[in-house]
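Comments concern the structure below.
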Amino acid sequence: MAELQNSLYGLLPFLAYFVVAIVMLVVFVTIYKAITPHKEMALIKENNSAASMSLTGAVLGFSIPIASAAANSVGLIDFAVWGVVAGILQIITFLVFRTFYPKVSSRIEKGETAIGIHLGGISISVGLLNAACMTY
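Shown next as structure tokens:
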């Protein structure tokens, strides 16, 4: 019975972190979709693989450091601060990527999967590096 009580004791902190993580994810995706010139969700609904791969990479590139921040933070405020950092880095990643590939949005709109895979891969790579650096 004591084990069950100990397990349930962690339920409220888990729920708090999980809810904050989901809210940060929704806010990130909303902001990310707003800064990209192409309309990811409409393109994905049209079965555009390039749009799906690039957005999925950005979501994973954000979620990986969020997971690291949840595991390493000292509280919800600390967690949220590092979530903001992760979001900013993913947005900067897209903006920098666009300087090297100025036609990225039109290429994604055309369904060119190579650019979608490349952008998604870069986003995940930045997310992994970001997560590793958050282990302070």
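According to the UniProt record's numbering, the sequence shown holds residues 1 to 136 in order.
Each residue gets a CB set at the ideal place from its N, CA and C atoms; glycine is no exception.
Terminal residues of the alpha helix (DSSP H) in which residue i lies
{"i": "residue 32", "result": "11 to 35"}
{"i": "residue 113", "result": "113 to 133"}
{"i": "residue 41", "result": "40 to 45"}
Short Cβ contact (8 Å threshold) for residue i with residue j
{"i": "residue 113", "j": "residue 72", "result": "no"}
{"i": "residue 108", "j": "residue 60", "result": "no"}
{"i": "residue 89", "j": "residue 130", "result": "yes"}
{"i": "residue 66", "j": "residue 128", "result": "no"}
Close Cβ partners of residue i (< 8 Å) along its chain, the five nearest in sequence each way excluded
{"i": "residue 70", "result": "17, 21, 79"}
{"i": "residue 35", "result": "91, 94, 95"}
{"i": "residue 37", "result": "105"}
{"i": "residue 126", "result": "61, 89, 90, 93"}
{"i": "residue 53", "result": "113, 116, 117, 119, 120"}
{"i": "residue 27", "result": "87"}
Residues near residue i in its chain [Cβ-Cβ closer than 7 Å; skip 5 each side]
{"i": "residue 29", "result": "59"}
{"i": "residue 115", "result": "50, 101, 104, 107, 108"}
Proximity test, residue i beta-carbon vs the ligand COA heavy atom, cut-off 7 Å
{"i": "residue 37", "result": "This structure does not include the ligand COA; it has no bound ligands of any sort."}
Close-in-space but distant-in-sequence residues of the same chain around residue i (CB under 6 Å, 5 per side omitted)
{"i": "residue 32", "result": "58"}
{"i": "residue 98", "result": "104"}
{"i": "residue 55", "result": "40"}
{"i": "residue 68", "result": "131, 134"}
{"i": "residue 48", "result": "111"}
{"i": "residue 24", "result": "83"}
In chain order, which continuous runs of the alpha helix (DSSP H) of length 4 or greater are located wholly inside the stretch 65 to 99?
Counting only runs of 4 or more, we get nothing.
Please confirm if the stretch 76 to 89 is in contact with the stretch 35 to 50, defined as three or more CB-CB distances below 8 Å between the two stretches.
no
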